[in-house]
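The numbers in the sequence shown follow full-length UniProt numbering, run straight up by one, and end at 369. Beta carbons are placed, not taken as given, at the ideal position from N, Cα and C, and that holds for glycine. Below is one structure, written out as structure tokens, with a few remarks after it.
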Amino acid sequence: MVCRKPFTQREVQIIHRMKHLLKLPITHIAKATDRNKCSVYKALKMKKVLMQRGRPKALTPKDVRHLVAVLKGMVKKAKACYEITLAMLVKRARVQVCERTVREALKKKNIKFRKMRSKPILTNDDKKARLAFARKYKDKTCAWWVRTVHLHIDLKNFAAYTHAKARAYAAQREVRGAYRSLGQGLDEGYVLAPKELKYNPGPKSIRIAAGVGNGRVLLWTEIKGRWNGQVAADFYKGPMLQVLKRTWPRRRSFLVLEDNDPSGFKSRKGVAAKLQAKVQILEIPKRSPDLNICDYALWKQVTRTMRKQERRWPTSRRETRAQYVARLARAARGLKKSFVVKAIGDMKRRCQRLYHSKGGHFEEGGRRS
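Encoded structure:
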């Protein structure tokens, strides 16, 4: 004789609904639920709310809610300076259960031990400034960001990976993980150098000043020497102004988005050069790389393009620093217009999310992690 498992509350509700609402015959209900007709008749005689089987839960729903509240308070108090363990949580919440029971209860709430996220540390003044920025620009359309802001500028230092060993190190920095079984973690192909490791590829790094606008990477120039007020002034009156006048020859003034770089963008010589060039500044708040397209889209995409080009290169191939700089510029200027336009227009969504987060950090991607 086949021993069938007892009915669950959900099964009883479905059988009652199929019989009384859908008016299905017993034969059809038995076939749909994979039960015999006698079992279906028994289920129809049962109440819709069944008594819970098995021993009582060690943690009630109220206890779990208490655990979650205590955990949030402990994490907030720790301020990422030390880890909150399950033993600490059990002791603080004063629940008479083991750590495994607490872990399973939190797991059902999708609360697991996850890696910390890395973001700039925001002060209260930073949050107020970010909220004011979001309140001012949250209603601007995607087209406004593409057409009205003529240039989004920023600087970045790129390492020059000119030989096979350096290219392999650079490629490993972009790999997130691999599918593997237990015990394979130290096998060949599953181990890479830590990202915190300082690595010198040889050639001097490349400082790039980039500008994105009108759906393209309009400006991509190497800054040679130290970045200071005089170099920033020469950049404003030289490459940047030339690009703006060439792209919009009929305009007499321009709107440029930049960050709070005190050594160049905010220097006295830099401010004077912007006034002379009739460049108005749309300044984003401090510690806000999530509001500059260069930080949240351009640099990453250029790096991906470079690594993709190098993937099938032979190990014997070498580049000079000048060749690497030229290829870096081609990778940036070759980005598709659809990608650039979408990235610029994403400022609308970012400002709205920043407003809802009240000036704090917000999820930049489409999913939470």
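Report the residue from the options whose alpha carbon sits nearest the alpha carbon of residue i.
i: PRO120; options: ARG55, ASP290 and ARG114; result: ASP290
i: ASN228; options: ARG246, THR320 and LYS266; result: LYS266
i: LYS108; options: ALA80, ASP139 and THR60; result: THR60
i: GLY177; options: ALA193, ALA164, ALA166 and THR162; result: ALA193
i: GLN309; options: ILE293, ALA170 and GLY189; result: ALA170
i: ARG251; options: ARG226, TYR236 and LEU241; result: LEU241
i: SER253; options: ARG94, ILE281, VAL212 and PRO239; result: ILE281
i: GLN13; options: LYS45, LEU89, ALA168 and LYS5; result: LYS45
i: LYS165; options: GLY189, HIS150 and GLY202; result: GLY202
i: PHE347; options: LEU22, TYR137 and HIS66; result: Per the sequence presented here, residue 347 reads as Met, with Phe not at that position. Among LEU22, TYR137 and HIS66, the Cα nearest to that of MET347 is on TYR137.
How is residue i classed by DSSP in three states: helix, strand or coil?
i: ILE208; result: strand
i: ILE293; result: helix
i: ILE29; result: helix
i: GLN96; result: coil
i: THR60; result: coil
i: LEU131; result: helix
i: GLN13; result: helix
i: ARG251; result: coil
i: THR305; result: helix
i: GLY238; result: helix
i: GLN184; result: coil
i: ASP125; result: helix
i: GLY189; result: coil
i: MET1; result: A caution first: MET1 carries a pLDDT of 42, below 50, which makes its placement in the model unreliable, though a value can still be read off. Correct three-state label for MET1: coil.
i: PRO6; result: coil
i: VAL175; result: coil
i: ASP261; result: coil
i: LYS156; result: strand
To the nearest angstrom, how far is the alpha carbon of residue i from that of residue j?
i: ARG207; j: VAL302; result: 14 angstroms
i: ARG17; j: ARG55; result: 29 angstroms
i: ALA273; j: ARG327; result: 30 angstroms
i: THR101; j: TYR199; result: 44 angstroms
i: residue 382; j: SER205; result: Residue 382 lies beyond the stretch modelled for the chain, which goes from 1 to 369, so this question has no answer here.
i: LYS337; j: ARG92; result: 55 angstroms
i: THR148; j: PRO262; result: 25 angstroms
i: ASN292; j: VAL97; result: 48 angstroms
i: GLU11; j: THR33; result: 8 angstroms
i: LYS237; j: LYS278; result: 10 angstroms
i: GLY185; j: ASN110; result: 26 angstroms
i: GLU258; j: LEU197; result: 31 angstroms
Thinking residue i and residue j are a contact (beta carbons under 8 angstroms), I'd like their distance in whole angstroms, please.
i: TRP220; j: ALA210; result: 5 angstroms
i: TYR296; j: GLU364; result: 6 angstroms
i: ALA43; j: PHE7; result: 6 angstroms
i: ALA168; j: ARG321; result: About 18 angstroms; that fails the 8 angstroms criterion.
Please return the same chain residues whose Cβ sits closer than 7 angstroms to the Cβ of residue i, not counting the five positions on each side in sequence.
i: GLY345; result: CYS142, TRP145 and VAL146
i: ILE29; result: ILE15, MET18, LYS19 and VAL40
i: GLN172; result: LEU192 and ALA193
i: ASN36; result: ALA30
i: GLU319; result: THR162
i: ARG180; result: TYR190
i: THR86; result: For the sequence presented, residue 86 should be read as Leu rather than Thr. Correct list, in chain order: GLU99, VAL102 and ARG103.
Going along the chain, which residues of its own chain have a beta-carbon closer than 8 angstroms to the beta-carbon of residue i, five neighbours each way excluded?
i: MET1; result: Reliability fails at MET1, whose pLDDT of 42 lies under 50, so the model's placement of it is uncertain and no value is given.
i: ALA134; result: CYS351, GLN352, LEU354, TYR355 and GLY359
i: LYS127; result: LYS358, GLY359 and GLY360
i: GLY334; result: THR305
i: VAL217; result: ALA210, GLY211, LEU298, ALA332, ARG333, LEU335 and VAL340
Check the Cβ-Cβ distances between residue i and every residue of chain D, and say whether any is below 8 angstroms.
i: ILE284; result: No chain D is present in this structure, which holds just one protein chain.
Which same chain residues end up closer than 6 angstroms to residue i when comparing Cβ atoms and leaving out the 5 residues on each side of it in sequence?
i: TYR82; result: none
i: ARG246; result: none
Any chance the CB of residue i is under 7 angstroms from a heavy atom of the ligand PLP?
i: VAL302; result: With respect to the ligand PLP, the structure offers nothing, as it holds no ligand at all.
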